[in-house]
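Everything below concerns the one structure shown next.
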Amino acid sequence: MNLNKLSTLYLQHNQLTGHIPVEIRKLTQLQIVRLAENQLEGSVPSSIFELRNLQALDLSNNNLSGTVDLNMLLLNLKSLTALVLSSNKLSLLTRATLNTNLPNFTVIGFNSCNLSEFPYFLHNQDELVSLDLSSNKIAGQDLLVLPWSKMNTLDLGFNKLQGPLPVPSLNGLQALDLSYNNLSGMLPECLGNFSVELSALKLQANNFYRIVPQTFMNGTNLMMIDFSNNSLQGRALILKFNNFHGEIEEPQTGFEFPKLRIIDLSHNRFTGNLPSKHFHCWNAMKDINASKLTYLQVKLLPYDVLGFTYYGYADYSLTMSNKGTEIEYLKLSNLIAAIIISDKNFVGEIPTSISSLKGLRTLSLSNNNLRGGAIPQGTQFSTFTNDWFAGNPGLCGEPLSRKCGNSEASPVEDDPPSESVLAFGWKIVLAG
1 MNLNKLSTLY LQHNQLTGHI PVEIRKLTQL QIVRLAENQL EGSVPSSIFE
51 LRNLQALDLS NNNLSGTVDL NMLLLNLKSL TALVLSSNKL SLLTRATLNT
101 NLPNFTVIGF NSCNLSEFPY FLHNQDELVS LDLSSNKIAG QDLLVLPWSK
151 MNTLDLGFNK LQGPLPVPSL NGLQALDLSY NNLSGMLPEC LGNFSVELSA
201 LKLQANNFYR IVPQTFMNGT NLMMIDFSNN SLQGRALILK FNNFHGEIEE
251 PQTGFEFPKL RIIDLSHNRF TGNLPSKHFH CWNAMKDINA SKLTYLQVKL
301 LPYDVLGFTY YGYADYSLTM SNKGTEIEYL KLSNLIAAII ISDKNFVGEI
351 PTSISSLKGL RTLSLSNNNL RGGAIPQGTQ FSTFTNDWFA GNPGLCGEPL
401 SRKCGNSEAS PVEDDPPSES VLAFGWKIVL AG
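Residue numbers for the sequence shown follow UniProt numbering, so the first one is 1 and each next one is one higher.
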């Protein structure tokens, strides 16, 4: 078989094993090489650098190892626009400056590539749409000066970034992950103005403080936000393991977080009554259309590379822990909706407006000081458990074992605090 004119090698999602053959250099007309999601091992052969017509190279999610000389790759493959080496055992060798014209990339994927510094060539990449540098050891604040006006997806989670939020205003951004770094300082108000398209935002496990920008709450497209494990303060709505305090104010417009499906306010210092009018705003929790069962995702705008289409999306996962038992959901159906407001000092009654959230699958209000007698009822409440309401001395009725109007019923015992950990991630999918 004569393959001298082969331009596209598309072999992803197979069970290929062994090494990438050095003879690949003979396929000189190759423009697209897709070998992702296999079981390939060994090093990346330098013969790939001889494919001068190559425009897209994806070797992600294999068992490749060794060192890739990134400078040599860039100097030789001048037509390259998409380069994805993520999720292998590779180390990328980078050097400071390249005194030559470089390829204009739209897609870069260097997840888990043992990078200790920000690749210098990215300073001149003004066509980038998707960049994944997560799970490396990158430090510094170089991102402040980068020309990324076309960025759609930016993942810098699990690095060693320090200092204030290092991202300029990105008007087209849809997904941003800066989680598990050492970022600190105040969350700037302009953070809420990144993009009207911003759908997924992860800033957890940093050292941010100050209130959550008010602009997040005004009818945005946000579907998942995670600010947990910071030092945020103020009267904000989100999220667990911070220092939020005081009463939750009533919504200003009636359109706050209309697409919200999961909210976790546990382990803060809120007081006052439960935010009854907010429940009316969370329209996505009212949807129980079981005929359209899908997975909960943030679908990003597609973009074309060489006749192929890149679809970015964010898959949500959820880990819930109750009484020491953890349940992990790697994917969430679109039917799930969860409100977790446990371990606080909320008082008063459970608002009847919560009954309108027909899509609720989890409602944890344990260990507050709620009173007012009977728990509101609705068809969705039939699956709720005693544990989710325990530790509130003034509640009665199903699903609690304490019956309303029965003074002889045994009191509800306080259960150990229940908690949840919310997380999501995204990956790039290439489809023709």
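Beta carbons are placed, not taken as given, at the ideal position from N, Cα and C, and that holds for glycine.
Have a look at residue i and residue j and give me their C-alpha separation to the nearest angstrom.
i: ASN71; j: LEU173; result: 28 Å
i: LEU203; j: ASN2; result: 52 Å
i: ASN367; j: ILE339; result: 14 Å
i: GLY272; j: LEU370; result: 10 Å
i: ASN111; j: LEU131; result: 9 Å
i: LEU187; j: TYR209; result: 7 Å
i: LEU170; j: LEU198; result: 10 Å
i: ILE20; j: LEU176; result: 33 Å
i: VAL68; j: TYR10; result: 22 Å
i: MET285; j: GLN380; result: 11 Å
i: LYS78; j: GLU50; result: 11 Å
i: LEU85; j: THR94; result: 14 Å
i: PRO399; j: SER382; result: 7 Å
i: LEU92; j: LEU201; result: 27 Å
i: GLY373; j: GLY397; result: 8 Å
i: ASN386; j: GLY359; result: 19 Å
i: ARG25; j: ASN4; result: 10 Å
i: ASN61; j: GLY109; result: 11 Å
i: TRP282; j: ASP226; result: 17 Å
i: ASN345; j: GLN162; result: 34 Å
i: LEU260; j: GLY18; result: 45 Å
So, for residue i: in the same chain, excluding its five sequence neighbours on each side, which residues have a beta-carbon less than 7 Å away from its beta-carbon?
i: VAL22; result: PRO45 and SER47
i: HIS13; result: GLU37
i: SER276; result: PRO351 and SER353
i: LYS150; result: GLU127, LEU128, VAL129 and GLY172
i: CYS404; result: GLY373, ALA374, CYS396 and GLY397
i: residue 502; result: Since the first residue shown for the chain is 1 and the last is 432, residue 502 is missing from the structure and cannot be characterised.
i: TRP388; result: LEU363, SER364, LEU365 and SER366
Report the CB separation of residue i from residue j in whole angstroms; it is logged as a contact under 8 Å.
i: ASN88; j: LEU54; result: Contact doesn't hold; Cβ gap of about 18 Å is too wide.
i: LEU27; j: LEU6; result: 5 Å
i: SER364; j: ILE341; result: 7 Å
i: LEU30; j: LEU74; result: About 17 Å separates the two Cβ atoms, so there is no contact after all.
i: THR106; j: ALA82; result: 6 Å
i: PHE279; j: LEU395; result: Actually they do not touch by this definition, with Cβ atoms about 17 Å apart.
i: GLY391; j: SER355; result: Actually they are not in contact, since the Cβ atoms of GLY391 and SER355 sit about 22 Å apart, beyond 8 Å.
Identify the continuous alpha helix (DSSP H) that holds residue i and give its terminal residues.
i: LEU365; result: First-last for LEU365: undefined, no H or E at that position.
i: LYS277; result: 276 to 281
Per DSSP, residue i is paired with what?
i: GLY391; result: Note: GLY391 sits in no beta bridge, so no partner.
i: LEU57; result: VAL33 and LEU83
i: CYS396; result: ALA374
i: LYS89; result: SER65
i: ALA175; result: THR153 and ALA200
i: ASN273; result: VAL347
i: GLN380; result: Per DSSP, none; premise fails for GLN380.
Can you give me the start and stop residues for the beta strand (DSSP E) that residue i sits inside?
i: LYS202; result: 200 to 202
i: SER79; result: Neither: SER79 is in no beta strand (DSSP E) and is coded neither H nor E.
i: TYR10; result: 8 to 10
i: ASP264; result: 262 to 264
i: LEU183; result: 182 to 186
i: SER130; result: 130 to 132
i: ILE108; result: 107 to 109
i: PHE346; result: 345 to 348
i: TYR120; result: Run containing TYR120: none; DSSP gives neither H nor E here.
i: GLY42; result: 39 to 42
i: ALA338; result: 338 to 340
i: ASN207; result: 207 to 209
Might you give, ordered along the chain, the residues of its own chain that have their beta carbon closer than 8 Å to the beta carbon of residue i, omitting 5 neighbours on each side?
i: LYS137; result: ASN114, LEU115, SER116, ASN159 and LYS160
i: PRO411; result: A caution first: PRO411 carries a pLDDT of 40, below 50, which makes its placement in the model unreliable, though a value can still be read off. Here the set comprises PRO393 and ARG402.
i: ASN63; result: GLN39, LEU40, GLU41, ASN88 and LYS89
i: TRP148; result: GLN125, ASP126, LEU128, LEU131, LEU154, PRO168 and LEU170
i: ARG52; result: THR28, ASN76, LEU77, LYS78 and SER79
i: LEU16; result: LEU35, ASN38, GLN39 and LEU40
i: TYR104; result: Note that residue 104 corresponds to Asn in the displayed sequence, not to Tyr. Here the set comprises THR81, GLN125, ASP126 and GLU127.
Can you list, in chain order, the residues of its chain whose CB lies under 6 Å from that of residue i, leaving out five sequence neighbours each side?
i: THR8; result: ILE32
i: GLY185; result: PRO164
i: GLY348; result: ASN273
i: SER135; result: ASN111, SER112 and PHE158
i: ASN206; result: ASN181, LEU183 and ASN230
i: THR352; result: PRO376
i: LEU178; result: LEU156 and LEU203
i: SER43; result: GLY66
i: LEU265; result: ILE341
i: ILE263; result: ILE339
For the ligand NAP, is there any heavy atom lying closer than 7 Å to the beta carbon of residue i?
i: ASP226; result: No copy of the ligand NAP appears in this structure; indeed no ligand is present at all.
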